[in-house]
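Some notes on the structure that comes next.
In this note's numbering, the protein residues as written are 156 to 1137.
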């Protein structure tokens, strides 16, 4: 349980977990547990959140322990799905992201961002923090997951600002363990409102009932002890496959939804880059006007209207296709008390595809069209060129022509190959002194190929067409610059030939390698051996001190075409040298009204060297207090000064353009903002009223790295208590308050805030971040964007309380005279959020996102979340039946708030509030024989749909008109599996 102390019994050198109650969160050990099995004394062990080795160490930092059973009961094959259901976590990158996904799965603690969470494997860094992909974790070997709230930089170094997630793996397996599981979504598309909206747009409806999204997971592990009993080797191999699901398979995502009317309803929107072909004139007699090819295939233009919108949703994924292979092994051997060798090798190859609508000549890229192009009709030439029709004159245009006849959606082929090697030795130095020295090497290899996408250079050449002996021919063929060019007939619907598609659609390739190396030496000392002990305490002072050296290096390469489209190459390196010390000081124990009083102190000094930069130093420290007036009631509190140094991507990433969900209030024939306001954002008087809107509510930002970044500084506080009443055996309850303040956080000011602040307040700082296309004034394409490069900005702050409880009892104890009917374990974890405050720039003012969601606040942040699990275990302990209740509180739209940093232009009624969500899950296990266990379950038993939200109101990790990482996007999930051990 998040509040109870961690005491690990040890047998034959193996730290064994005292029987965890089967439930969502379970205590590891108990207050009365002073000895291991068969009376063996507890060995000194290291717990998450401290480097002190001590048999009875209790941490003052709240630690939530998630037992391995929870992974069985949730039936998921992805680690992040289990963690995201915990109230302390907010969904981050996962398998439900598609267009723009990097293919990873990350964890976000306290909604402070995945980069502020340090992910560990058995107390050592998993991978470089910005590539901490939890797909890497072999879920079949998870023994438990420890989650530490608040800063832990004094113990682990940079990045542990929001906290630490430590995956403790089973590395002492003896025998063979095989597990297999298959799951699938069973969903009824019965959202009448969403279906009516799709039907009104004359788009295809999703099937009324679907079985899809299959997920298969196979794992085998084997281990053996050495003949002399001093060592063990454990090996594992895993394979996982997720089947893709496109958005047209769900009624809530079958089209891209926009706000309609007075923002009181939803309508199917889409993209003006349509399959018939649209044209925005940037010159000529119709400058600023938009025309469209007719739908009948004739070479005729008519004025553009919303009937030409393209439904880009159906081919996008709501669950990505993914295949993952994991493999590795661990070994340890106790040569003697002074040399205990250990090490491990881990490998992952994860291959996934993101998918989006077919490519296009996208508006925003300026294409000159020659007025003597033989593929144009006389009517089209007259509209485009006027009196210049039939001459070599070029007129600049935005072309929006969707390649619906190209035979395939855009496919982003993403592959991550990760390696991790660690080895070390630990043992006794002298009486009371031990050492642990280790070396860790990890590398992440990233390969991406973006397929079925337009080569911008070839696309431009294919539009420059002249007549050669009556045959339409590319001008580049005539002048010899590109003999392979094939003309693209964009002047009638579906007019582009297969040969032209073959010429223009060219894949791009990028390749990145990131490595991390960590060398660590830790020395533990029991100073009681030298008489250093409080006269009122039963145990002496214990310390841990040492040094660490860490280096990270990044190389990112892109082919010429990827660079032409805006991808930038980059490379960089930094290293850090650190010294640390930690002390645990018992002050009073076993006295009247003072069962225990102790403090824990820690300090770390870090010196960073940055290639091409100036470097910096950082000091981190902690103070923790534990006080138990009686054995059944404990108080605890902690203060941590933590830092997050800029990661290698934030430092060295080249500046590049990227899409962002936003809309330009100065665009359209009737802009929502005044000419005066728009002029401040860079609009000229001539452009006002003629600026095209950002297609599909997607504008562009310019992001990138900054070598002048400094560390984020965080102050974290926790206070709480633990109750384990002796009159109610098996019951625990804890409550812990947390307050995390991150100053000078590294980030970019988000586009909606830039737009709102410039337009509504006239702030020169924000208005200077506008870079409008000089020709058209747009905020998309290659020349129009919002500047959003990395910088040390304002502050992040969050506070609230975690509550956890568990109670286990035999049913026979409350049913006198009854036969044995088994036992019940009930566990509860809930989080009440008090604040999630953001100040984007120092002194600018702040806003609080608790209870809100939307373009600025992002994913919903409810005031209250909880999980409750109740599990029945049969008397013979061969069968369990478990029910889980997940509650996610309501959230209101941030754009409707009065705060100037959140407020939008108009009040929005249709999505003003997302109601509270209740999900119910059922699971069961059955041991056929001792070595064979079957399991099955249903998550989201009542098949509740996620909330339907307009695409323009979504923010980070929004997809398919909802937040698929927060709410169950697939509907009801049914799974079954088995584990065999021999």
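Idealized CB from N, CA, C, for every residue including glycine. In this text the structure is predicted, and so the values were computed from the model without any measurement.
Rounded separation between residue i and residue j - CA only
| i | j | result |
| --- | --- | --- |
| residue 980 | residue 347 | 39 Å |
| residue 881 | residue 1081 | 33 Å |
| residue 333 | residue 1131 | 14 Å |
| residue 229 | residue 1117 | 22 Å |
| residue 437 | residue 842 | 11 Å |
| residue 812 | residue 856 | 6 Å |
| residue 860 | residue 712 | 16 Å |
| residue 1125 | residue 413 | 22 Å |
| residue 485 | residue 594 | 14 Å |
| residue 410 | residue 466 | 6 Å |
| residue 205 | residue 298 | 19 Å |
| residue 521 | residue 554 | 8 Å |
| residue 114 | residue 350 | Coverage of the chain is limited to positions 156 through 1137, which leaves residue 114 absent and any answer about it impossible. |
| residue 945 | residue 810 | 10 Å |
| residue 180 | residue 885 | At residue 180 the pLDDT is 45, less than 50, meaning the model places this residue with poor confidence and gives no usable figure here. |
| residue 376 | residue 1000 | 54 Å |
| residue 768 | residue 865 | 11 Å |
| residue 267 | residue 1019 | 17 Å |
| residue 700 | residue 682 | 13 Å |
| residue 1137 | residue 378 | 11 Å |
| residue 320 | residue 291 | 14 Å |
Cβ separation of residue i and residue j, assumed to be a contact under 8 Å, to the nearest whole Å
| i | j | result |
| --- | --- | --- |
| residue 288 | residue 271 | Not a contact, Cβ separation roughly 16 Å. |
| residue 215 | residue 679 | Actually they are not in contact, since the Cβ atoms of residue 215 and residue 679 sit about 19 Å apart, beyond 8 Å. |
| residue 302 | residue 318 | 6 Å |
| residue 1017 | residue 1046 | 5 Å |
| residue 868 | residue 806 | Their Cβ separation, rounded to whole angstroms, is 17 Å, which puts residue 868 and residue 806 out of contact at 8 Å. |
| residue 363 | residue 339 | Going by Cβ atoms, the distance from residue 363 to residue 339 rounds to 17 Å, so no, they are not a contact pair. |
| residue 314 | residue 284 | 5 Å |
| residue 932 | residue 839 | 7 Å |
| residue 871 | residue 773 | Actually they do not touch by this definition, with Cβ atoms about 15 Å apart. |
| residue 1057 | residue 1064 | Their Cβ separation, rounded to whole angstroms, is 17 Å, which puts residue 1057 and residue 1064 out of contact at 8 Å. |
| residue 1091 | residue 1079 | 6 Å |
| residue 816 | residue 1110 | 6 Å |
| residue 763 | residue 731 | 5 Å |
Opposing strand residues paired with residue i [DSSP bridges]
| i | result |
| --- | --- |
| residue 795 | 777 and 871 |
| residue 365 | 342 |
| residue 392 | 375 and 482 |
| residue 901 | 947 |
| residue 670 | 598 and 708 |
| residue 565 | 511 |
Helix, strand or coil at residue i according to DSSP, with G and I counted as helix
| i | result |
| --- | --- |
| residue 1141 | Because the chain here runs from 156 to 1137, residue 1141 falls outside it and cannot be looked at. |
| residue 865 | coil |
| residue 203 | coil |
| residue 387 | strand |
| residue 472 | strand |
| residue 286 | helix |
| residue 291 | helix |
| residue 226 | helix |
| residue 1067 | coil |
| residue 850 | helix |
| residue 234 | helix |
| residue 1104 | coil |
| residue 355 | helix |
| residue 935 | coil |
| residue 510 | strand |
Near the ligand GDP: residue i beta-carbon under 8 Å from a heavy atom
| i | result |
| --- | --- |
| residue 879 | The ligand content of the structure shown is nil, which means the ligand GDP is not present either. |
- So, do the stretch 242-250 and the stretch 621-632 have three or more beta carbon pairs nearer to each other than 8 Å? no
- Per the contact definition of three or more C-beta pairs closer than 8 Å, is the stretch 436-456 in contact with the stretch 383-395? Segment contact: the stretch 383-395 against the stretch 436-456, fewer than three CB-CB distances shorter than 8 Å; contact not assigned.
- Message: Three Cβ pairs or more, each shorter than 8 Å: is that satisfied between the stretch 509-528 and the stretch 426-445?
- Response: A contact exists between the stretch 509-528 and the stretch 426-445.
- Message: Within 8 Å, do at least three Cβ pairs link the stretch 565-584 to the stretch 487-496?
- Response: yes
- Message: Counting beta carbon pairs with one atom in the stretch 523-542 and one in the stretch 597-605, are three or more of them shorter than 8 Å?
- Response: no
- Any chance the stretch 778-797 sits against the stretch 746-755, with 3 or more Cβ pairs inside 8 Å? Cβ pair count under 8 Å is three or more, so yes.
- Should the stretch 737-747 be called in touch with the stretch 687-698, which here means at least 3 C-beta pairs below 8 Å? yes
- Query: Are there three or more Cβ pairs, one per stretch, closer than 8 Å when the stretch 812-832 is compared with the stretch 914-922?
  - Reply: yes
- Item | Segment contact flag, the stretch 705-724 with the stretch 659-674, C-beta cutoff 8 Å, min 3 pairs | By the Cβ rule, the stretch 705-724 counts as touching the stretch 659-674, because three or more pairs are nearer than 8 Å.
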